[in-house]
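S.K.: Numbering (the numbering used here), first residue to last: 1 to 246.
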């Protein structure tokens, strides 16, 4: 049975979006649930930005101090990406340069899957008037900023140091959410959407089925996404036992 017109239409939408944002490379974010582009830190319940930043500061310094023997004297941004990797709530939001990896995260177990597309350099141009992707170390350190309660005015996209096999394998990048309290798509009065710098692709059940086939044809599986023993184990359970579950 041939792929549906919906799959062809989705790929064409991606192509048109890429052409409109040339020569920059796109970032993608797959979500199993259609929810705002908030980082995990800003998805928590908080009564004021000051209290949230106090909690953020406490979490960072506890992670740094208690995990010191395990962290090999890494920089503040490297520590922050490790926190994100191990599930501590941070102001980071994960993105990838691989459309297929974003598709995987969207349809693997999603109830209302979506894929977000973003031109990160153009986003930074709107946010900070600089069409670049900064790389750590930054001129102003994250640790100093949270230590003094400094304002993070807007979200910034940056290239992280690839300090874990997963981040490297997933072609991972990050946005760091600003203090406005708005999700990324609503920052700056929604300019990213209006200017064609970000766009959301919705995936219905028929398209999700096609996309799962497409992932399989391209050998995109849990072990490719998570190149460690945990990822291998999950991949083998699906490969060997998926038709034998009670």
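Just so it is clear, CB atoms sit at the ideal spot from N, CA and C, and this is done for glycine as well.
All figures in this text were calculated on a predicted structure; none of them were measured in a lab.
What first and last residue would you give for the beta strand (DSSP E) that runs through residue 175?
M.R.: From DSSP, the beta strand (DSSP E) with residue 175 extends over 172 to 176.
S.K.: Just to confirm, are residue 159 and residue 173 a CB contact at a threshold of 8 Å?
M.R.: Cβ atoms of residue 159 and residue 173: closer than 8 Å.
S.K.: Please report the residue range of the beta strand (DSSP E) in which residue 198 lies.
M.R.: Counting along the chain, the beta strand (DSSP E) containing residue 198 begins and ends at 198 to 202.
S.K.: Are three or more beta carbon pairs between the stretch 42 to 49 and the stretch 127 to 142 nearer than 8 Å?
M.R.: No contact exists between the stretch 42 to 49 and the stretch 127 to 142.
S.K.: So, residue 197 versus residue 99, is the Cβ gap smaller than 8 Å?
M.R.: No. Outside cutoff.
S.K.: What separation, rounded to the nearest whole angstrom, lies between the Cα atoms of residue 57 and residue 209?
M.R.: Approximately 43 Å between the Cα atoms of the pair.
S.K.: Taking 8 Å as the threshold (C-beta atoms), are residue 30 and residue 102 in contact?
M.R.: In contact: residue 102 and residue 30 (Cβ atoms closer than 8 Å).
S.K.: Quick one: is residue 187 buried, meaning 16 or more other Cβ sit within 10 Å of its Cβ, or exposed?
M.R.: Result: buried.
S.K.: Can you tell me whether residue 222 is helix, strand or coil according to DSSP?
M.R.: The answer is helix: DSSP assigns residue 222 an H, G or I state.
S.K.: Pull up the distance between the alpha-carbon of residue 205 and that of residue 61, whole angstroms please.
M.R.: Those two C-alpha atoms are separated by around 43 Å.
S.K.: Report the residue from 17, 239, 73, 179 whose alpha carbon sits nearest the alpha carbon of residue 50.
M.R.: Nearest option by C-alpha distance: 179.
S.K.: Taking all protein chains shown into account, do 16 or more other C-beta atoms lie within 10 angstroms of the C-beta of residue 8, making it buried, or fewer, making it exposed?
M.R.: Answer is exposed; the Cβ neighbour count stays below 16.
S.K.: Between which two residues does the alpha helix (DSSP H) containing residue 127 stretch?
M.R.: It spans 120 to 128 - the alpha helix (DSSP H) in which residue 127 sits, taken as one unbroken run.
S.K.: Given that a residue counts as buried once 16 or more other Cβ atoms are within 10 Å of its Cβ, and exposed if not, what is residue 36?
M.R.: Per the 10 Å Cβ criterion, exposed.
S.K.: Looking at C-beta atoms only, is the number of pairs between the stretch 103 to 111 and the stretch 208 to 225 that lie closer than 8 Å three or more?
M.R.: Yes: the two stretches touch, three or more of their Cβ pairs being nearer than 8 Å.
S.K.: Determine whether the beta carbon atoms of residue 28 and residue 115 lie at a separation below 8 Å.
M.R.: Taking 8 Å as the Cβ cut-off, residue 28 and residue 115 qualify as a contacting pair.
S.K.: Would you say residue 122 and residue 194 are within 8 Å of each other, going by their C-beta atoms?
M.R.: Contact: no.
S.K.: In angstroms, rounded to a whole number, what distance separates the CA positions of residue 153 and residue 229?
M.R.: Near 40 Å, if we compare the C-alpha coordinates of residue 229 and residue 153.
S.K.: So, at 7 Å on beta carbons, what are the nonlocal neighbours of residue 219 in its own chain, with the 5 sequence-adjacent residues on each side left out?
M.R.: Taken in chain order, the list of residues that qualify is empty.
S.K.: Count the other C-beta atoms from every protein chain shown that fall within 10 angstroms of the C-beta of residue 239, then say buried if there are 16 or more, exposed otherwise.
M.R.: Answer is exposed; the Cβ neighbour count stays below 16.
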